[in-house]
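Here's the structure we're looking at; comments come further down.
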């Protein structure tokens, strides 16, 4: 089982990632153990979606990151699902 997840900080910035262990990964982000989010402050999980394979989750992660649109990511969080497939 794998996950695509979206984290949000107090300033409203999003971070998109994928992992096979969601709980551990969020702890790593909030403990400052990841280069990409260590300066973002406290992060809160606002969205996650399960996938059978990590390969599929990574494909979705990369597609979402390539969009770079705050409003699109905000809609995913609001709607509760991702409208694109791996």
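Numbering (this note's numbering), first residue to last: 4 to 89. Glycine is no exception: its CB is placed at the ideal position from the N, C-alpha and C atoms. Fair warning: this is a prediction, and the values are worked out from it, not measured in the lab.
The alpha-carbon of residue 59 is positioned some 27 Å away from that of residue 35. Residue 6 has its alpha-carbon roughly 5 Å from the corresponding atom of residue 52. The beta carbon of residue 46 lies closer than 8 Å to those of 10, 11, 12, 18, 29, 32, 33, 40 in the same chain, with the five residues before and after it left out. For residue 19, no alpha helix (DSSP H) run applies; the uninterrupted beta strand (DSSP E) run containing it begins and ends at 17-22, by DSSP. Setting aside the 5 residues that flank it on each side, residue 79 is surrounded in the same chain by 9, 50, 67, 85, 86, each with a C-beta closer than 8 Å to its C-beta; the list follows chain order. Listed as beta-bridge partners of residue 10 by DSSP are 18, 48.
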